[in-house]
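Only one structure is covered here, and it is reproduced in the block below.
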Amino acid sequence: MAPHTLNTLYFDPHEKKYGSKTTQREVGIRDVLIKTTHSGLCFTDVHAKMKGCGLGHEGVGIVQDVGAAVINLKSCGHCPTCLSGYRQYCEDARGFAFSDLDQGAFGDYRIIDAEFAYRIPEAISSVDAGPFMCAGASVYEALDAAGTKPSDRVGVVGVGGLGHMAILFAKAMGCSVTALFASKRPSTQKVRDAFTLGADEARCIADRIDEVYTTPDSSGEAGEGDVLSRERKINVLLICSNQLADWFDILPLLDRMARVVLMSIQTEPLNIPYMPFILPGHRVISSTEASKRNHIEMLNFAARNNIKPWVEKFPMTEQGLADAFDKLENGQMRYRGVLEW
1 MAPHTLNTLY
11 FDPHEKKYGS
21 KTTQREVGIR
31 DVLIKTTHSG
41 LCFTDVHAKM
51 KGCGLGHEGV
61 GIVQDVGAAV
71 INLKSCGHCP
81 TCLSGYRQYC
91 EDARGFAFSD
101 LDQGAFGDYR
111 IIDAEFAYRI
121 PEAISSVDAG
131 PFMCAGASVY
141 EALDAAGTKP
151 SDRVGVVGVG
161 GLGHMAILFA
171 KAMGCSVTAL
181 FASKRPSTQK
191 VRDAFTLGAD
201 EARCIADRID
211 EVYTTPDSSG
221 EAGEGDVLSR
231 ERKINVLLIC
241 SNQLADWFDI
251 LPLLDRMARV
261 VLMSIQTEPL
271 NIPYMPFILP
281 GHRVISSTEA
291 SKRNHIEMLN
301 FAARNNIKPW
311 VEKFPMTEQG
321 LADAFDKLEN
331 GQMRYRGVLE
341 W
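So this is what it looks like as structure tokens:
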């Protein structure tokens with residue numbers, strides 16, 4: 001099969017600017033060639049851009065070519081981890097920014113293993129589908145890993161690209177939701193957004209601040225509310241922020257035997273106060289990408305429940321990518337950037 005030309009946007013760490021690079025690649029017998037129409041921007045792209053690799057991993061597009069047969073997977077496919085359905089944790093897995101560095105979803109075409117291409121339900125538009133490919137799948141996987149039930153109260157630390165998806169999915173599952181701000185006092189707009197997304201409560205726990213907000217009144221101002229009662233404490237806590245919260249601020253909010261799910265990429269060590277954590281029977285769960293089953297379930301669940309991420313659109317150009325990164329890195333994105341042709 002003749003090689004295809006792939007053009008991909010990237011960040012040049014030496015020139016300190018965004019550019020485009022071209023590579024030639026054949027469609028392997030297990031691969032699909034996808035013509036990209038949209039791709040979401042994730043904070044993982046911020047972590048990866050200094051590698052000089054092709055950027056973007058929330059791609060959506062149309063299949064243009066298909067390989068002849070199935071022989072290889074990007075995960076090994078036969079170890080106990082893969083056979084249990086959790087191929088994302090395979091020791092031999094190949095992921096974004098660690099393999100295939102010459103291509104990414106911010107480009108015209110992309111060649112990927114067919115096992116990692118998912119059919120998008122008709123009810124989901126291509127522009128909305130991008131954020132589901134990473135943020136939506138990660139949130140759904142985390143809620144599943146925690147054994148979340150409709151009777152649970154879910155706490156979401158960080159109302160950003162990942163956190164806003166967590167609120168949307170938790171509410172669609174029938175849960176009560178508390179939005180938690182761990183880095184600074186939230187703006188009135190952030191609090192209003194949390195409630196518009198579906199949060200039942202918004203709370204600031206930064207720097208020993210303990211403020212609880214109720215639904216903003218008609219003037220748009222967020223008012224203070226009552227502290228959590230014992231019945232309203234958090235059963236499942238999703239850590240979606242780029243900055244770790246102080247555990248001494250978090251622990252009083254947790255119900256007995258709470259499940260804490262770590263989702264964001266961090267370089268700081270995880271320091272948990274030992275006895276205050278184990279005596280109530282709390283659990284820490286790590287969760288990154290979704291299993292194939294959960295990825296497919298997530299898309300169908302989102303379609304059935306009409307879940308729509310909040311997106312800002314940018315052109316699929318070097319300048320469009322630079323503008324999207326600038327807005328994301330400055331904390332101004334509401335709440336998921338999507339590049340489109």
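The opening residue of the sequence shown carries number 1 in the UniProt record's numbering; numbering runs sequentially from there.
Heads up, the beta-carbon is just placed ideally off N, CA and C, and yes, glycines get one too.
Just so you know, these numbers come straight off a predicted model, no measurement behind them.
Could you spell out where the alpha helix (DSSP H) holding residue 353 opens and where it closes?
Any question about residue 353 goes unanswered here, given that the chain covers just 1 to 341.
**Asked** Ser-187 to Gly-160, Cα distance in whole Å?
**Response** Taking the first residue of the sequence shown as position 1, residue 187 is located at position 187. Taking the first residue of the sequence shown as position 1, residue 160 is located at position 160. Straight-line Cα distance between these residues: approximately 13 Å.
### Message
Checking 8 Å against the spacing of the C-beta atoms, do Gln-88 and Leu-6 come in under that value?
### Response
Residue numbering aside, residue 88 sits at position 88 when the sequence shown is read from its first letter. Residue numbering aside, residue 6 sits at position 6 when the sequence shown is read from its first letter. Taking 8 Å as the Cβ cut-off, Gln-88 and Leu-6 do not qualify as a contacting pair.
*Is Asn-300 close to chain C, meaning its C-beta is less than 8 Å from at least one C-beta of that chain?*
The chain inventory of the structure shown lacks chain C, comprising one protein chain alone.
Range of the contiguous beta strand (DSSP E) that encloses Ala-258: One-based indexing of the sequence shown puts residue 258 at position 258. Segment 254-262, the beta strand (DSSP E) holding Ala-258.
### Other residues of its chain near Met-165: CB distance less than 7 Å, five sequence neighbours each side excluded
In the sequence shown, counting from the first residue as 1, residue 165 sits at position 165. Excluding sequence neighbours, Met-165 sits near Pro-131, Ala-135, Gly-136, Val-139 and Pro-309.
Supposed close pair Arg-25, His-4 - CB separation, criterion 8 Å: Sequence index remark: in the sequence shown, residue 25 carries index 25 (1-based). Sequence index remark: in the sequence shown, residue 4 carries index 4 (1-based). With a Cβ gap of about 6 Å, Arg-25 and His-4 count as contacting.
Report task. Kindly list the residues whose CB is nearer than 8 Å to the CB of Arg-334, restricted to its own chain and excluding five residues on each side of it in sequence; keep chain order. Result -> Start at 1 with the first residue of the sequence shown, and residue 334 comes out as number 334. Closer than 8 Å at the Cβ level, and outside the excluded window around Arg-334, lie Asp-193, Trp-310 and Glu-312.
Using 8 Å as the threshold, is the C-beta distance between Ala-338 and Gly-54 below it? Translated into positions along the sequence shown, residue 338 becomes position 338. Translated into positions along the sequence shown, residue 54 becomes position 54. Checking the displayed sequence, the identity of residue 338 turns out to be Val instead of Ala. No, these two residues do not count as a Cβ contact at 8 Å.
Q) Can the beta-carbon of Tyr-118 be found less than 8 Å from the beta-carbon of Leu-299? A) Here residue 118 refers to the residue found at position 118 when the sequence shown is read from its first residue. Here residue 299 refers to the residue found at position 299 when the sequence shown is read from its first residue. Yes. Within cutoff.
| said: I need the straight-line Cα distance from His-78 to Glu-115, nearest angstrom please. | reply: For the purposes of this step, residue 78 is taken as residue 78 along the sequence shown, with counting starting at 1. For the purposes of this step, residue 115 is taken as residue 115 along the sequence shown, with counting starting at 1. C-alpha separation (whole angstroms): 14 Å.
Item checked: Phe-43: first and last residue of the uninterrupted alpha helix (DSSP H) it sits in -> Your numbering for residue 43 matches position 43 in the sequence shown. Taken as a continuous stretch (DSSP letters only), the alpha helix (DSSP H) holding Phe-43 covers 43-48.
DSSP puts Asn-7 in a beta bridge; with which residues? For this step, residue 7 is matched to residue 7 along the sequence shown. DSSP lists Thr-22 as partners of Asn-7.
With DSSP as the reference, label Thr-36 as helix, strand or coil.
Numbered from its first residue, the sequence shown carries residue 36 at position 36. In this structure, Thr-36 counts as strand in the three-state DSSP scheme.
Practice prompt. Grab the span of the beta strand (DSSP E) containing Gln-64 for me, first residue to last.
Written response: Your numbering for residue 64 matches position 64 in the sequence shown. Looking at the DSSP string, the run of the beta strand (DSSP E) that includes Gln-64 is 58-66.
Can you list, in chain order, the residues of its chain whose CB lies under 6 Å from that of Thr-23, leaving out five sequence neighbours each side?
Walking along the sequence shown from the start, residue 23 turns up at place 23. Result list for Thr-23: Leu-6 and Asp-102, in chain order.
Original post:
Any heavy atom of the ligand HEM within a distance shorter than 7 Å of the CB on Ile-167?
Top reply: Questions concerning the ligand HEM fall outside what the structure shown contains, since it holds no ligand whatsoever.
Leaving out the 5 sequence neighbours to the left and right, which residues in its chain are closer than 7 Å to Leu-253 when beta-carbon positions are compared? Walking along the sequence shown from the start, residue 253 turns up at place 253. Gly-155, Leu-228, Lys-233 and Ile-234.
* Note down the Cα distance separating Ile-71 from Arg-30, rounded to an integer number of angstroms. => In the sequence shown, the residue the question calls residue 71 occupies position 71. In the sequence shown, the residue the question calls residue 30 occupies position 30. Reliability of the predicted coordinates at Ile-71 is poor, the pLDDT of 43 falling under 50, and no value is obtained from them.
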